[in-house]
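Taking it in order: structure first as structure tokens, then the write-up.
There are 2 protein chains.
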Amino acid sequence: MSTMLEVAQKAGVSKATVSRVLSGKGYVSEATKDQVYKAIEEAGYRPNLLARNLATNKSECIGLVVTNTLYNGSYFSEILSQAAKKLEDNGRQLILVDGKHSAQEEREAIQFLLDLRCDAVIIYPRFLTIDEMDEIIDQHKQPIMVVNRKLRKHQSHCICCDHKGSSFLATKYLIERGHNDIAFITGALDSPTAIERLAGYKDALNQYHIGVNEALIVQGKWTPDSGVSAVEALLARQQKVSAILASNDEMAVGAMKKLSDMGISVPHEISLLGFDNIPTAPYLTPALSSIKDPVSDMISEVISRLISMLDGGYLSRDNIFTSQLLERNSVSDGPFKS
Amino acid sequence: MSTMLEVAQKAGVSKATVSRVLSGKGYVSEATKDQVYKAIEEAGYRPNLLARNLATNKSECIGLVVTNTLYNGSYFSEILSQAAKKLEDNGRQLILVDGKHSAQEEREAIQFLLDLRCDAVIIYPRFLTIDEMDEIIDQHKQPIMVVNRKLRKHQSHCICCDHKGSSFLATKYLIERGHNDIAFITGALDSPTAIERLAGYKDALNQYHIGVNEALIVQGKWTPDSGVSAVEALLARQQKVSAILASNDEMAVGAMKKLSDMGISVPHEISLLGFDNIPTAPYLTPALSSIKDPVSDMISEVISRLISMLDGGYLSRDNIFTSQLLERNSVSDGPFKS
DNA sequence: TTGTACGCGTTATCAT
DNA sequence: ATGATAACGCGTACAA
Numbered sequence: 001m002s003t004m005l006e007v008a009q010k011a012g013v014s015k016a017t018v019s020r021v022l023s024g025k026g027y028v029s030e031a032t033k034d035q036v037y038k039a040i041e042e043a044g045y046r047p048n049l050l051a052r053n054l055a056t057n058k059s060e061c062i063g064l065v066v067t068n069t070l071y072n073g074s075y076f077s078e079i080l081s082q083a084a085k086k087l088e089d090n091g092r093q094l095i096l097v098d099g100k101h102s103a104q105e106e107r108e109a110i111q112f113l114l115d116l117r118c119d120a121v122i123i124y125p126r127f128l129t130i131d132e133m134d135e136i137i138d139q140h141k142q143p144i145m146v147v148n149r150k151l152r153k154h155q156s157h158c159i160c161c162d163h164k165g166s167s168f169l170a171t172k173y174l175i176e177r178g179h180n181d182i183a184f185i186t187g188a189l190d191s192p193t194a195i196e197r198l199a200g201y202k203d204a205l206n207q208y209h210i211g212v213n214e215a216l217i218v219q220g221k222w223t224p225d226s227g228v229s230a231v232e233a234l235l236a237r238q239q240k241v242s243a244i245l246a247s248n249d250e251m252a253v254g255a256m257k258k259l260s261d262m263g264i265s266v267p268h269e270i271s272l273l274g275f276d277n278i279p280t281a282p283y284l285t286p287a288l289s290s291i292k293d294p295v296s297d298m299i300s301e302v303i304s305r306l307i308s309m310l311d312g313g314y315l316s317r318d319n320i321f322t323s324q325l326l327e328r329n330s331v332s333d334g335p336f337k338s
Numbered sequence: 001m002s003t004m005l006e007v008a009q010k011a012g013v014s015k016a017t018v019s020r021v022l023s024g025k026g027y028v029s030e031a032t033k034d035q036v037y038k039a040i041e042e043a044g045y046r047p048n049l050l051a052r053n054l055a056t057n058k059s060e061c062i063g064l065v066v067t068n069t070l071y072n073g074s075y076f077s078e079i080l081s082q083a084a085k086k087l088e089d090n091g092r093q094l095i096l097v098d099g100k101h102s103a104q105e106e107r108e109a110i111q112f113l114l115d116l117r118c119d120a121v122i123i124y125p126r127f128l129t130i131d132e133m134d135e136i137i138d139q140h141k142q143p144i145m146v147v148n149r150k151l152r153k154h155q156s157h158c159i160c161c162d163h164k165g166s167s168f169l170a171t172k173y174l175i176e177r178g179h180n181d182i183a184f185i186t187g188a189l190d191s192p193t194a195i196e197r198l199a200g201y202k203d204a205l206n207q208y209h210i211g212v213n214e215a216l217i218v219q220g221k222w223t224p225d226s227g228v229s230a231v232e233a234l235l236a237r238q239q240k241v242s243a244i245l246a247s248n249d250e251m252a253v254g255a256m257k258k259l260s261d262m263g264i265s266v267p268h269e270i271s272l273l274g275f276d277n278i279p280t281a282p283y284l285t286p287a288l289s290s291i292k293d294p295v296s297d298m299i300s301e302v303i304s305r306l307i308s309m310l311d312g313g314y315l316s317r318d319n320i321f322t323s324q325l326l327e328r329n330s331v332s333d334g335p336f337k338s
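As given, the protein sequences belong to chains A and B, one line each in that order.
Numbering-wise, the first sequence is residues 1 to 338 according to the UniProt record's numbering.
Numbering-wise, the second sequence is residues 1 to 338 according to the UniProt record's numbering.
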């Protein structure tokens with residue numbers, strides 16, 4: 001690992017000059033510039049980012065915290081893909097660290113990124129509460145953006161979408177197609193998203209004067225397997241069911257698997273809806289792709305915002321993604337039979 | 001951002017003492033220890049990792065480079081999940097950076113990680129050649145481990161598995177069930193993995209004296225959509241087909257979608273196999289889950305090795321994962337009908 | 001047991 | 001246009 005000093009000596013100049021050549025800041029003659037470049041080449045020199053970042057207190061990279069329980073989600077790769085691509089265009093590096101599985105560890109992950117002097121950090125939280133995050137944002141100078149949670153205090157530091165509204169629309173869609181007995185598979189209920197989607201379902205039923213039948217609501221855990229179990233539980237309850245709305249695609253896939261094992265052809269005898277739009281799900285039934293995954297859109301938006309904060313001035317929009325997503329989430333018709 | 005110096009002053013001691021308290025190295029009396037901790041608390045002090053790493057030339061974290069074209073793969077989340085969990089137990093941080101989409105950029109990603117002084121870096125390469133990687137490993141002191149590629153020179157720095165063998169077994173499985181007209185959907189042929197799987201297919205056919213019919217081989221691109229296209233291409237060729245082997249699950253899913261659109265029930269009229277074992281695929285047909293994804297196993301193994309290199313001495317096993325995987329890849333029976 | 005002083009590799013502010 | 005030199009925040013011999 002050769003240092004700047006070695007390069008300087010090889011080139012017969014001072015450290016300062018080498019630094020100028022590398023940064024492009026300050027005047028330096030073409031002649032010495034060439035010498036320096038040659039010396040860099042010869043020495044196989046690489047700037048030490050730690051030293052540079054220590055001196056400048058910047059790092060040209062932004063951090064992302066995701067709890068590793070979410071790594072399993074099929075849409076997770078989509079998130080990363082989005083984020084990396086967007087940042088790439090901006091010349092910054094995305095670095096991902098694991099939020100593990102507790103509020104404390106999510107906190108530490110954020111700290112780790114900040115301790116590395118990331119220019120900003122994005123968190124897709126799972127355990128931290130809104131108030132905790134508001135507090136964390138207060139305590140740090142670097143921008144900290146929160147995805148999929150509506151903060152109380154720092155509204156411009158978060159971005160979220162209307163899960164309740166989407167769920168409402170999905171339910172409404174089924175109702176309008178003549179379904180009165182719509183079962184609902186929830187996500188894990190420690191998740192705000194799960195709760196909101198459940199609320200949207202209930203709202204729609206109430207609004208159409210159908211009424212909520214608790215026996216039609218079964219608790220899932222976001223996984224395909226829990227979708228299978230959910231259908232089993234549903235059957236055990238002996239309820240009449242003409243449609244099932246699952247809180248995400250993976251559970252919908254599991255549910256469909258179970259139904260199909262029992263000889264029930266999904267697109268015909270029963271309607272089945274999921275959210276998210278994971279890569280392989282569209283091939284299961286067109287109905288599944290009718291609602292787009294909002295998460296990657298949120299990531300995309302948050303990065304745009306971050307970039308303009310870091311590069312441009314400090315404009316602080318309020319979070320407004322809700323209405324746009326609601327619009328997009330309108331359910332398409334598709335070859336649906338009830 | 002308070003510094004160590006501030007803490008020292010608050011506690012009425014020197015920087016060195018604070019440093020000792022934090023690191024646990026060297027003697028320090030309980031009394032001053034308490035004072036220091038109190039001062040740390042009051043100041044809300046956080047060690048600056050850049051400074052620390054710069055001074056020690058270590059970082060307690062290891063880097064992972066994955067080309068973002070692979071982010072889309074459904075098994076990608078599995079890789080991360082594995083890696084993060086394993087490292088978590090070891091008290092290290094995993095940081096992921098994007099290898100983007102060229103050899104040059106993969107190179108830069110590795111450099112970035114090294115420049116950050118990661119203790120080691122793992123690369124799941126897509127564009128770098130074996131020789132280039134051997135050279136990179138030569139040039140750096142930090143361990144650089146390569147996944148899914150067999151290096152020429154640094155055999156102990158890579159880990160791979162026998163894609164050809166797996167493919168051979170899968171093909172053999174179909175042959176033994178009476179199939180003589182087995183179509184094969186390749187992956188993108190710029191991928192060594194794709195080529196090896198194709199080779200395994202051909203070997204099996206030859207070994208059983210069935211002979212390779214080029215008209216039954218159709219080129220895919222790893223995606224579900226390309227699986228659909230592949231089946232379409234196959235049909236256009238008017239060949240007799242009783243089974244299809246796809247080079248990964250996503251293409252298998254696409255293929256099944258197409259077949260099912262045409263009214264062909266997959267488990268009955270035709271056999272369909274994929275690799276990988278992605279989360280939602282098992283629900284499509286049991287056949288798809290018959291061959292396990294080797295990638296996350298490789299990652300897991302490489303991390304184990306890395307940990308013993310970093311923590312323990314420098315034992316250098318040769319890469320030997322092949323045989324184990326071959327064993328595991330044996331195809332299960334499942335409700336398969338030909 | 002604690003403090004001093006120097007080094008880690010850069011950047012940045014002065015002079016020159 | 002270029003060169004000293006002081007930060008940046010921390011670790012660590014060495015001395016006390």
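Using N, Cα and C, we set each Cβ at its ideal position, and we do this for glycine too.
*If C158/B and C118/B are in contact, beta carbons under 8 Å, what's the gap, nearest whole angstrom?*
With 8 Å as the limit, C158/B and C118/B do not qualify as a contact, their Cβ atoms being about 18 Å apart.
*Buried or exposed for I264/A, please, with buried defined as at least 16 other CB atoms from any protein chain shown within 10 angstroms of its CB.*
exposed
*Tell me whether the beta-carbon of R126/B lies closer than 8 Å to the beta-carbon of H163/B.*
no
*Please list, in chain order, all residues of the same chain as residue 346/A whose beta carbon is under 8 Å from its beta carbon, the five residues on each side excluded.*
With chain A covering only 1 through 338, there is no way to say anything about residue 346/A.
*Status (buried if at least 16 other CB within 10 Å, exposed otherwise) for K38/A*: exposed
*By the 10 Å Cβ neighbour count, where 16 or more other Cβ atoms means buried, how is F336/A classified, buried or exposed?*
Confidence is the limiting factor: at F336/A the pLDDT is only 30, short of 50, which leaves the residue's position unreliable, though a coordinate-based value still follows. Classified as buried, F336/A has 16 or more neighbouring CB atoms from the shown chains inside 10 Å of its CB.
*Identify the continuous alpha helix (DSSP H) that holds A233/B and give its terminal residues.*
P224 to A236
*Environment of T56/B [buried if 16+ CB atoms lie within 10 Å]*: exposed
*asked:* On the CB-based measure, 16 or more other CB atoms within 10 Å of its CB, does N206/B come out buried or exposed?
replied: exposed
*Between the segment 109 to 124 of chain B and the segment 147 to 161 of chain B, are three or more C-beta pairs nearer than 8 Å?*
Under the three-pair Cβ rule at 8 Å, the segment 109 to 124 of chain B counts as touching the segment 147 to 161 of chain B.
*Quick one: give me the first and last residue of the alpha helix (DSSP H) that Q111/A is part of.*
A103 to D115
*What in chain A is Cβ-close to A51/B, meaning under 9 Å?*
L50 and L54
*Would you say P143/A and A120/A are within 8 Å of each other, going by their C-beta atoms?*
yes
*Do I217/A and Q82/A have their C-beta atoms closer together than 8 Å?*
no
*Kindly indicate which three-state DSSP category D98/A falls into: helix, strand or coil?*
strand
*Compile a chain-ordered list of the residues in the UniProt domain "HTH lacI-type" (2 to 56) of chain B whose CB is closer than 8 Å to at least one CB of chain A.*
G44, R46, P47, N48, L49, L50, A51, N53 and L54
*Name the chain A residues whose beta carbon is nearer than 8 Å to that of I95/B?*
Those are I95, L96 and V97, listed as they occur along chain A.
*asked:* Please report whether the beta-carbon of I299/A lies at a distance below 8 Å from any beta-carbon of chain B.
replied: The beta carbon of I299/A does not come within 8 Å of any beta carbon belonging to chain B, so the residue lies off that interface.
*In three-state terms, what does DSSP make of Y45/B?*
coil
*Tell me, to the nearest whole angstrom, how far the beta carbon of residue 402/B is from that of A204/B; I am working on the premise that it is less than 8 Å.*
This structure cannot settle anything about residue 402/B, because the visible part of chain B is limited to 1 through 338.
*Quick one: Cα of D131/B to Cα of Q139/B, how far?*
12 Å
*Proximal residues to V231/B (C-beta, below 7 Å), its chain only, five neighbours per side dropped*: In chain order, A255, K258 and L259 place their CB closer than 7 Å to the CB of V231/B, counting only its own chain and leaving out the 5 sequence neighbours on each side.
*asked:* Out of C161/A, T129/A and I110/A, which one is the CA nearest neighbour of K141/A?
replied: I110/A
*Mind reading off the beta-carbon distance from N106/A to L128/A? Whole number of angstroms is fine, and I expect it under 8 Å.*
Contrary to the premise, residue 106/A reads as Glu rather than Asn in this sequence. About 5 Å separates the two Cβ atoms, so the contact holds.
*asked:* Quick test of the definition: if touching needs 3 or more C-beta pairs under 8 Å, does the segment 83 to 103 of chain A touch the segment 18 to 36 of chain A?
replied: Short answer: they don't touch.
*Look at the alpha carbon of K100/B and the alpha carbon of D181/B, and state the distance between them as a whole number of angstroms.*
39 Å
*Taking 8 Å as the cut-off, decide whether the C-beta atoms of W222/A and G200/A are in contact.*
Result no, Cβ atoms of W222/A and G200/A do not sit closer than 8 Å.
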